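S.K.: In the numbering used here, the protein residues as written are 2 to 149.
Input: one structure, supplied below.
What follows is the structure, given as structure tokens:
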């Protein structure tokens, strides 16, 4: 199992930040274009526990793969969690935390994930996967700093 943690501080109040992140329609804006994300689900303006989101992504080499996530927990203006229930990882558990701090909002993400293919997946992790996952969070930070 691997873990990626990321933090971003925004000059935006907690309510505004939460409203943006709790709207699943903004997921597309936060995903790098080269991943060619296509959302397959009609999305509401607000997430809720049990919500299912299905999309196609091309995480490596332009190969399009299905990815389906379930929103498991939502505590308004504090956190939400999601799990991949279909997709390229054996396990993907993403925790999103939001905290008022220093006149803005601190966003903290923790992703625990496991690759498929056993030892072969482990071999590819440092070469391809880790930098790709970290790059997604760097892209997201750049985009949200532009938005806010």
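Just so it is clear, CB atoms sit at the ideal spot from N, CA and C, and this is done for glycine as well.
Small disclaimer: the values here were computed from a predicted structure and weren't measured.
Tell me where the alpha helix (DSSP H) around residue 119 begins and ends.
M.R.: Here the alpha helix (DSSP H) through residue 119 covers 119-125.
S.K.: Measuring CA to CA, which of 111, 138 and 83 is closest to residue 53?
M.R.: When only C-alpha atoms are compared, the closest one is 83.
S.K.: Report the three-state DSSP secondary structure of residue 22 (helix, strand or coil).
M.R.: Looking at residue 22 - three-state DSSP - the assignment turns out to be helix.
S.K.: Is the beta carbon of residue 110 sitting closer than 9 Å to the one on residue 3?
M.R.: Not in contact: residue 110 and residue 3 (Cβ atoms no closer than 9 Å).
S.K.: Among the candidates 80, 78, 116 and 105, whose CA atom is the shortest distance from the CA of residue 93?
M.R.: The shortest Cα separation from residue 93 among 80, 78, 116 and 105 belongs to 116.
S.K.: Could you spell out the range, first to last residue, of the alpha helix (DSSP H) harbouring residue 140?
M.R.: Counting along the chain, the alpha helix (DSSP H) containing residue 140 begins and ends at 131-148.
S.K.: Is there contact here, the region 38-45 with the region 131-143, by at least three beta-carbon pairs under 8 Å?
M.R.: Judged by Cβ distances under 8 Å, the region 38-45 makes no contact with the region 131-143, as fewer than three pairs qualify.
S.K.: Mind listing, in chain order, the continuous beta strand (DSSP E) runs of no fewer than 3 residues lying wholly within the region 37-122?
M.R.: Fully enclosed beta strand (DSSP E) runs of 3 or longer: 53-58, 66-76, 80-87, 92-102 and 105-115.
S.K.: Can the beta-carbon of residue 25 be found closer than 9 Å to that of residue 86?
M.R.: Their beta carbons are not under 9 Å apart, which means residue 25 does not touch residue 86 by this criterion.
S.K.: Would you mind reading off the limits of the beta strand (DSSP E) that contains residue 7?
M.R.: From DSSP, the beta strand (DSSP E) with residue 7 extends over 3-11.
S.K.: Kindly indicate which residue of 10, 128 and 141 has the alpha-carbon position closest to the one of residue 34.
M.R.: Residue 34 has its Cα closest to that of 141, out of 10, 128 and 141.
S.K.: State the Cα-Cα distance for the pair residue 88 and residue 58, rounded to the nearest angstrom.
M.R.: Cα-Cα distance, rounded: 9 Å.
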